Amino acid sequence: MELTTPTKLEFYDQMLKLQSKAILVHYFKGDDGRKALILDNTIFHPQGGGQPSDTGFICVTDSNLRFCVQDVRSKDGVVFHYGVAEDSSMENELEQGKGKEVILQVDESRRRLNSRLHSAGHLLDVCMSNVCLGHLEPGKGYHFPDGPFVEYKGTVPLNELQNKQREIEIEVNALISKGGKVYTTVLPY
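In my numbering, the protein residues as written are 73 to 261.
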């Protein structure tokens, strides 16, 4: 399947927007058996950057059809909303639904958790620099609820390791207690 029109990504400009409207561009069953919707725009954040995707629902306007979004991925600028129709007997409506308006509803608690875990990774980066470990380069970030972490490239002498761990913990707690504004921005690579 070749799609050339990229999906407009609303979540970059409106991170807290949890409900929106879009137009259904395509519904298909992939080679892996999963079913997906492609829309002209989306508020669903795809998996990426070490962060899990949003989940939620997509409902066809003027219909009882609800598509449960279980996973969201992006490839070549096109966002794929993977999931299942709550009532499988209504899938034909999705197959015939190209051009129909749909309502998107993101699961708020999951979005907030994903955002908090991702932000915690950036907070850790700041703390590493503040405790004189800025020479360690952040590598892989894993911001999933089952065990989030950030890997750093480089070494810390063994005789300093426990002290640096305590310093990082103290610094993280101090910055959290101080409060501050969290904002989003898209940075060039």
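Positions of the beta carbon are idealized from the N, C-alpha and C atoms, including for glycine. Since this is a predicted model, take the numbers as computed values, not measurements.
Does the Cβ of S125 have 16 or more other Cβ atoms within 10 Å, making it buried, or fewer, making it exposed?
Start at 1 with the first residue of the sequence shown, and residue 125 comes out as number 53. Buried, because 16 or more other Cβ atoms sit within 10 Å of the Cβ of S125.
So, C199 versus E243, is the Cβ gap smaller than 7 Å?
Start at 1 with the first residue of the sequence shown, and residue 199 comes out as number 127. Start at 1 with the first residue of the sequence shown, and residue 243 comes out as number 171. It is a contact, given that the beta carbons lie within the stated cut-off.
Excluding the 5 residues flanking H190 on each side, which residues of the same chain have their C-beta closer than 6 Å to its C-beta?
Taking the first residue of the sequence shown as position 1, residue 190 is located at position 118. These residues qualify, in order along the chain: Q123 and H215.
Per DSSP, R145 forms a beta bridge with which residues?
Stepping through the sequence shown from its first residue, residue 145 is reached at position 73. Answer is F152, bridged to R145.
Looking at the strands, I want to know which residues DSSP matches up with K101.
Counted from its first residue, the sequence shown places residue 101 at position 29. Per DSSP, K107.
With distances taken between CB atoms, is the gap from A108 to F152 smaller than 7 Å?
In the sequence shown, residue 108 corresponds to position 36, counting from 1. In the sequence shown, residue 152 corresponds to position 80, counting from 1. For the 7 Å CB-CB criterion, A108 and F152 form a contact.
G128 to D179, Cα distance in whole Å?
Sequence index remark: in the sequence shown, residue 128 carries index 56 (1-based). Sequence index remark: in the sequence shown, residue 179 carries index 107 (1-based). So the alpha carbons of these two residues sit roughly 5 Å apart.
Since I115 contacts L176 with CB under 8 Å, what's their CB separation in whole angstroms?
Against the sequence shown, residue 115 aligns to sequence position 43. Against the sequence shown, residue 176 aligns to sequence position 104. Contact flag correct, Cβ pair sits at about 5 Å.
Boundaries (first-last residue) of the beta strand (DSSP E) holding V174
For the purposes of this step, residue 174 is taken as the residue at position 102 of the sequence shown. Counting along the chain, the beta strand (DSSP E) containing V174 begins and ends at E173 to V178.
C-beta contact flag for G169 and V144 at 7 Å
Numbered from its first residue, the sequence shown carries residue 169 at position 97. Numbered from its first residue, the sequence shown carries residue 144 at position 72. The answer is no: Cβ separation not under 7 Å.
How would you write the range of the beta strand (DSSP E) that G115 sits in, first residue to last?
Numbered from its first residue, the sequence shown carries residue 115 at position 43. It should be pointed out that residue 115 corresponds to Ile in this sequence rather than to Gly. Premise fails: I115 is in no beta strand (DSSP E) and is neither H nor E.
Excluding sequence positions up to five away, which residues of its chain have a Cβ less than 8 Å from the Cβ of D197?
For this step, residue 197 is matched to residue 125 along the sequence shown. Within the same chain, D197 has close Cβ partners P210 and V222.
G121 and D142 - do their beta-carbons sit closer together than 7 Å?
Translated into positions along the sequence shown, residue 142 becomes position 70. Translated into positions along the sequence shown, residue 121 becomes position 49. Sequence inspection shows Gln at residue 142; the Asp mentioned does not correspond to that position. For Q142 and G121, no; Cβs fall outside 7 Å.
Write down the C-beta distance between E167 and Y99 rounded to the nearest angstrom, noting that I regard them as a contact closer than 8 Å.
Here the question's residue 167 lines up with position 95 in the sequence shown. Here the question's residue 99 lines up with position 27 in the sequence shown. E167 to Y99, Cβ: 6 Å. Contact.
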